[in-house]
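Participant:
There are 2 protein chains.
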Amino acid sequence: MAPVFPLCPEVAPVPVSMPQRQTSMREAILDAAEELFSKSGFRAVSMREIAQASGANLGSISYHFGSKDGLLRAIYDQHSGPMNRRRSELLNEAQRIRDPEDRLAAIVRAFILPSLSEADGSVGGGARFARLRAVVMAERHEEAQKIIAETFNPINLAFIDALQECLPHLPRADIVWRTHFLLGAVSYTLINPWRVARLSDGEADGENTQEALAQIVHAAVAAFRAPATDGAAA
Amino acid sequence: MAPVFPLCPEVAPVPVSMPQRQTSMREAILDAAEELFSKSGFRAVSMREIAQASGANLGSISYHFGSKDGLLRAIYDQHSGPMNRRRSELLNEAQRIRDPEDRLAAIVRAFILPSLSEADGSVGGGARFARLRAVVMAERHEEAQKIIAETFNPINLAFIDALQECLPHLPRADIVWRTHFLLGAVSYTLINPWRVARLSDGEADGENTQEALAQIVHAAVAAFRAPATDGAAA
DNA sequence: GCCTCATTTGGACGCCTGTACAAATGCTAG
DNA sequence: CTAGCATTTGTACAGGCGTCCAAATGAGGC
Numbered sequence: 001m002a003p004v005f006p007l008c009p010e011v012a013p014v015p016v017s018m019p020q021r022q023t024s025m026r027e028a029i030l031d032a033a034e035e036l037f038s039k040s041g042f043r044a045v046s047m048r049e050i051a052q053a054s055g056a057n058l059g060s061i062s063y064h065f066g067s068k069d070g071l072l073r074a075i076y077d078q079h080s081g082p083m084n085r086r087r088s089e090l091l092n093e094a095q096r097i098r099d100p101e102d103r104l105a106a107i108v109r110a111f112i113l114p115s116l117s118e119a120d121g122s123v124g125g126g127a128r129f130a131r132l133r134a135v136v137m138a139e140r141h142e143e144a145q146k147i148i149a150e151t152f153n154p155i156n157l158a159f160i161d162a163l164q165e166c167l168p169h170l171p172r173a174d175i176v177w178r179t180h181f182l183l184g185a186v187s188y189t190l191i192n193p194w195r196v197a198r199l200s201d202g203e204a205d206g207e208n209t210q211e212a213l214a215q216i217v218h219a220a221v222a223a224f225r226a227p228a229t230d231g232a233a234a
Numbered sequence: 235m236a237p238v239f240p241l242c243p244e245v246a247p248v249p250v251s252m253p254q255r256q257t258s259m260r261e262a263i264l265d266a267a268e269e270l271f272s273k274s275g276f277r278a279v280s281m282r283e284i285a286q287a288s289g290a291n292l293g294s295i296s297y298h299f300g301s302k303d304g305l306l307r308a309i310y311d312q313h314s315g316p317m318n319r320r321r322s323e324l325l326n327e328a329q330r331i332r333d334p335e336d337r338l339a340a341i342v343r344a345f346i347l348p349s350l351s352e353a354d355g356s357v358g359g360g361a362r363f364a365r366l367r368a369v370v371m372a373e374r375h376e377e378a379q380k381i382i383a384e385t386f387n388p389i390n391l392a393f394i395d396a397l398q399e400c401l402p403h404l405p406r407a408d409i410v411w412r413t414h415f416l417l418g419a420v421s422y423t424l425i426n427p428w429r430v431a432r433l434s435d436g437e438a439d440g441e442n443t444q445e446a447l448a449q450i451v452h453a454a455v456a457a458f459r460a461p462a463t464d465g466a467a468a
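Line order of the protein sequences matches chains C and H.
Residue numbers for the first sequence follow my numbering, so the first one is 1 and each next one is one higher.
Residue numbers for the second sequence follow my numbering, so the first one is 235 and each next one is one higher.
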């Protein structure tokens, strides 16, 4: 017997209005799984942990998602649509800016904002999902990498094209490299937010989204504005 | 086992003297474990896989290292000394440069070169170990994070101090942030070297150490040279 | 009322995990 | 050659894992 969690989050000591999302068990499982995966990675979290955290039965997870991989894919399906839509909108907005300097900064911001902001129109916000992506990517989980590539490569290429338009003098390879570094900086910040605070003795705060966003945009814009990298400069 | 990373162009075909290391079983286990951990992370690799890859018996691993955590710590112990020594040397060298512009670039290079180069004076080179650190760090393995912080924070702070000396006008928080981004870019490149090639249609090569080093140093120097980030600019 | 279908439940399955340990082996010194 | 110690071997263990399934439960249409 496992009488740990009798009944669930829905009829629990919750007031009335806010927790509207917890209608179905399926969503509770998705939410709990995303939370746990983003915190500890994919492999380290067991289906039993997810079951307990969501108040669902172990078998219900299999019933709704088929397998652990299926659960992961469902999480991606839930988020990739809204996130990419948001990024497209922001990119379009940014591209309408005439001044190339301002446009560059706006594009960079549009590129990373949906990954850093807490609200992206879907449950849990974009930051948690972005952290999940970063952590799972680092695990080199094959299925996840395939999904990520399929889902995010097209929009990433659109951003690279937009950047190329701002910086016509740069070889495309340089732009790709710097975009890659930008993604790395975001990932690293999402995975290890506390490191900034530790290295700065609390002067900087890695968990402050606004601060992180301002710092990263500023640094990235400076990097993009640098002249072409001479390969022989090594 | 499969030689998966053809990353290094510099000292590849050494004929006679190098591969004498395989004398003891203990070293064979360390080598195989580092290889596997750096490729797939800590949790995903079982002791049985390590045993098979190293040609050792499962029990021998317990005998030499006590536990799986012990094995991980042994890997860190093997590398952290040489790597930090190398970084200190390079930092000292860099700091002797008079011209602040050249000095900045040299410091950045000294900061990351031991993590990217294949040879750091210890078995397997620094790149594999750095990749291991990046992957394990992303797994949020507690023991590993403790070890990493203990081992690398002091030298990281030394680098930050050196950078501050080159850039006295910058608030320390800005320097910490940009150093953090630099680490993120390196980690991301080590974890996903192929992404650069995919995004650039092969025009850029993420597995080419020299190219990666040149690109990352160039971008980072530009970022460091940027004026202070105004917090209100968000 | 009953029938139906979606969901939930508890448990079982086989496999794999890290660890422990007694026995066998190999090497080195006396 | 033999004694002693370091190392290697094979195996056993207890427990966690993802998956699967038959039975129980629930709610809505007739």
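Every residue, glycine too, gets a C-beta built ideally from N, C-alpha and C.
1) Name the two residues that bound the continuous alpha helix (DSSP H) containing C/Asp161.
2) Distance check for C/Ala106 and H/Val410, CA to CA, integer angstroms please.
3) Leaving out five residues on either side along the sequence, give the residues of the same chain with a beta carbon under 6 Å from the beta carbon of C/Ala185.
4) Can you find a CB in chain H that lies within less than 8 Å of the CB of C/Ile216?
5) Measuring CA to CA, which of H/Asn318, H/Leu447, H/Phe271 is closest to C/Arg178?
6) What is the DSSP secondary structure of C/Pro193, reduced to helix, strand or coil?
7) Would you mind reading off the limits of the alpha helix (DSSP H) that contains C/Asp230?
8) Please report the distance separating the alpha-carbon of C/Phe37 from that of C/Leu30.
9) Could you check what DSSP says for C/Ile97 in three-state terms: helix, strand or coil?
10) Using C-beta distances below 7 Å, list every residue in its chain close to C/His141, excluding the 5 sequence neighbours before and after it, in chain order.
11) So, is H/Ser434 buried or exposed, given that buried needs 16 or more other C-beta atoms within 10 angstroms?
12) Determine the chain C residues that contact H/Glu373 at a beta-carbon separation under 9 Å, and present them in chain order.
13) Looking at the structure shown, is H/Leu404 part of a helix, part of a strand, or coil, going by DSSP?
14) As a quick exercise: from H/Leu397, H/His403, H/Pro427, pick the residue whose alpha carbon is nearest that of H/Thr463.
15) Restricting to Cα atoms, I'd like to know which of H/Glu261, H/Pro461, H/Ala453 is closest to C/Ala226.
16) Using a C-beta cutoff of 8 Å, does H/Val410 count as contacting chain C?
17) How big is the Cα-Cα spacing for H/Val455 and H/Asn387?
18) Exposed or buried, which one is H/Asn291 when buried takes at least 16 other CB atoms within 10 Å?
19) According to DSSP, is H/Val279 helix, strand or coil?
20) Are there 16 or more other CB atoms within 10 angstroms of the CB of H/Gly360, so buried, or fewer, so exposed?
21) Alpha carbon to alpha carbon, how far is C/Pro193 from H/Ala372? Give it in angstroms, no decimals.
22) Only counting runs of 4 or more residues, tell me where the alpha helix (DSSP H) segments fall wholly within the region 283-357 of chain H, in order along the chain.
23) Looking at the structure shown, is H/Asp439 part of a helix, part of a strand, or coil, going by DSSP?
24) What did DSSP end up calling H/Thr413 once you bin it into helix, strand or coil?
25) Let's see if you can read the secondary structure: which residues bound the alpha helix (DSSP H) around H/Ser272?
26) By DSSP, does C/Ser187 sit in helix, in strand, or in coil?
27) For a cutoff of 8 Å on Cβ pairs, would you count C/Ala233 as touching chain H?
28) Does the region 89-107 of chain C come into contact with the region 130-137 of chain C, if we say contact requires no fewer than three beta-carbon pairs (one atom in each stretch) closer than 8 Å?
29) Let me know if H/Thr423 comes out buried or exposed under the rule of 16 or more other beta-carbons within 10 Å of its beta-carbon.
30) Pop quiz: C/Ile50 and C/Ala33 are said to be a contact at Cβ under 8 Å. What is the actual Cβ separation, rounded to whole angstroms?
31) State the CB to CB distance for the pair C/Phe224 and C/Leu167, rounded to an integer number of angstroms; the pair is presumed to be in contact (CB under 8 Å).
32) Tell me, please, whether the CB atom of H/Ala407 is closer than 8 Å to any CB atom in chain C?
33) Given a limit of 8 Å on CB to CB distance, which residues of the region 424-437 of chain H reach chain C?
34) Buried or exposed, going by whether 16 or more other CB atoms sit within 10 Å of the CB of H/Gly293?
35) Please classify C/Tyr63: is it buried, with 16 or more other beta-carbons within 10 angstroms of its beta-carbon, or exposed?
Facilitator: Reading off the structure:
1) Here the question's residue 161 of chain C lines up with position 161 in the first sequence. Where C/Asp161 is concerned, the enclosing alpha helix (DSSP H) stretches over 142-166.
2) In the second sequence, residue 410 of chain H corresponds to position 176, counting from 1. In the first sequence, residue 106 of chain C corresponds to position 106, counting from 1. Roughly 24 Å between the two C-alpha positions.
3) Counting from one through the first sequence, the residue named residue 185 of chain C turns up at place 185. Result list for C/Ala185: Ile216, in chain order.
4) By 1-based counting over the first sequence, the position of residue 216 of chain C is 216. Interface residue, yes.
5) Sequence index remark: in the first sequence, residue 178 of chain C carries index 178 (1-based). Answer by Cα proximity: H/Leu447.
6) Numbered from its first residue, the first sequence carries residue 193 of chain C at position 193. Three-state result, C/Pro193: helix.
7) Locating residue 230 of chain C in the first sequence gives position 230, where the first residue counts as 1. Membership of C/Asp230 in any alpha helix (DSSP H) is not indicated, and neither H nor E is assigned to it by DSSP.
8) Along the first sequence, one-based indexing puts residue 37 of chain C at 37. Along the first sequence, one-based indexing puts residue 30 of chain C at 30. Distance between the alpha carbons of C/Phe37 and C/Leu30 is about 10 Å.
9) Counted from its first residue, the first sequence places residue 97 of chain C at position 97. Judged by DSSP in its simplified three-state form, C/Ile97 adopts coil rather than helix or strand.
10) Numbered from 1 along the first sequence, position 141 holds the residue referred to as residue 141 of chain C. Non-local C-beta neighbours of C/His141 in its own chain, meaning closer than 7 Å and more than five positions away in sequence, comprise Phe42, ordered along the chain.
11) To locate residue 434 of chain H, count along the second sequence from 1; it is residue 200. It is buried - the Cβ of H/Ser434 has at least 16 other Cβ atoms within 10 Å.
12) Counting from one through the second sequence, the residue named residue 373 of chain H turns up at place 139. By Cβ distance, chain C contributes Ser40, Gly41, Arg43, Ala44, Val135, Ala138, Glu139.
13) Numbered from 1 along the second sequence, position 170 holds the residue referred to as residue 404 of chain H. H/Leu404: coil per DSSP, three-state reduction.
14) Locating residue 463 of chain H in the second sequence gives position 229, where the first residue counts as 1. H/Thr463 has its Cα closest to that of H/His403, out of H/Leu397, H/His403, H/Pro427.
15) By one-based count along the first sequence, residue 226 of chain C stands at place 226. Put simply, of H/Glu261, H/Pro461, H/Ala453 the residue whose alpha carbon is nearest the alpha carbon of C/Ala226 is H/Ala453.
16) Stepping through the second sequence from its first residue, residue 410 of chain H is reached at position 176. Interface residue, yes.
17) Counted from its first residue, the second sequence places residue 455 of chain H at position 221. Counted from its first residue, the second sequence places residue 387 of chain H at position 153. Spanning the two alpha carbons is a distance of roughly 21 Å.
18) Against the second sequence, residue 291 of chain H aligns to sequence position 57. Residue burial annotation: H/Asn291 is exposed, with fewer than 16 other C-beta atoms found within 10 angstroms of its C-beta.
19) Start at 1 with the first residue of the second sequence, and residue 279 of chain H comes out as number 45. Secondary structure at H/Val279: coil, using DSSP grouped into helix, strand and coil.
20) Numbered from 1 along the second sequence, position 126 holds the residue referred to as residue 360 of chain H. By the 10 Å Cβ count, H/Gly360 comes out buried.
21) For the purposes of this step, residue 372 of chain H is identified with residue 138 of the second sequence, where counting begins at 1. For the purposes of this step, residue 193 of chain C is identified with residue 193 of the first sequence, where counting begins at 1. Distance between the alpha carbons of H/Ala372 and C/Pro193: 12 Å.
22) Correct list: 292-299, 302-329, 334-350.
23) Locating residue 439 of chain H in the second sequence gives position 205, where the first residue counts as 1. Three-state DSSP puts H/Asp439 in coil, outside helix and strand.
24) In the second sequence, residue 413 of chain H corresponds to position 179, counting from 1. Three-state result, H/Thr413: helix.
25) By one-based count along the second sequence, residue 272 of chain H stands at place 38. Per DSSP, H/Ser272 belongs to the alpha helix (DSSP H) from 259-274.
26) Working through the first sequence from its first residue, we reach residue 187 of chain C at position 187. Shown here, C/Ser187 sits in a helix according to DSSP, grouped into three states.
27) Numbered from 1 along the first sequence, position 233 holds the residue referred to as residue 233 of chain C. Unreliable positioning characterises C/Ala233 in this predicted model, as indicated by a pLDDT of 45, which lies under 50. A coordinate reading is not provided.
28) No: fewer than three Cβ pairs fall under 8 Å.
29) Stepping through the second sequence from its first residue, residue 423 of chain H is reached at position 189. Buried: at least 16 other Cβ atoms inside 10 Å.
30) The count along the first sequence starts at 1 and reaches residue 50 of chain C at position 50. The count along the first sequence starts at 1 and reaches residue 33 of chain C at position 33. Separation of the CB atoms of C/Ile50 and C/Ala33 is rounded to 5 Å, and the pair is thereby assigned contact status at 8 Å.
31) Taking the first sequence and counting its residues from 1, one reaches residue 224 of chain C at position 224. Taking the first sequence and counting its residues from 1, one reaches residue 167 of chain C at position 167. Rounded, the Cβ-Cβ distance is 6 Å, consistent with contact.
32) On the second sequence, position 173 is the one that residue 407 of chain H refers to. Yes, its Cβ sits closer than 8 Å to a Cβ of chain C.
33) Within the region 424-437 of chain H, the qualifying residues are Ile425, Asn426, Arg429, Val430, Arg432, Leu433, Ser434, Glu437.
34) For the purposes of this step, residue 293 of chain H is identified with residue 59 of the second sequence, where counting begins at 1. With fewer than 16 Cβ atoms within 10 Å of its Cβ, H/Gly293 is classed as exposed.
35) Taking the first residue of the first sequence as position 1, residue 63 of chain C is located at position 63. Here C/Tyr63 is exposed, its C-beta having fewer than 16 other C-beta atoms within 10 Å.
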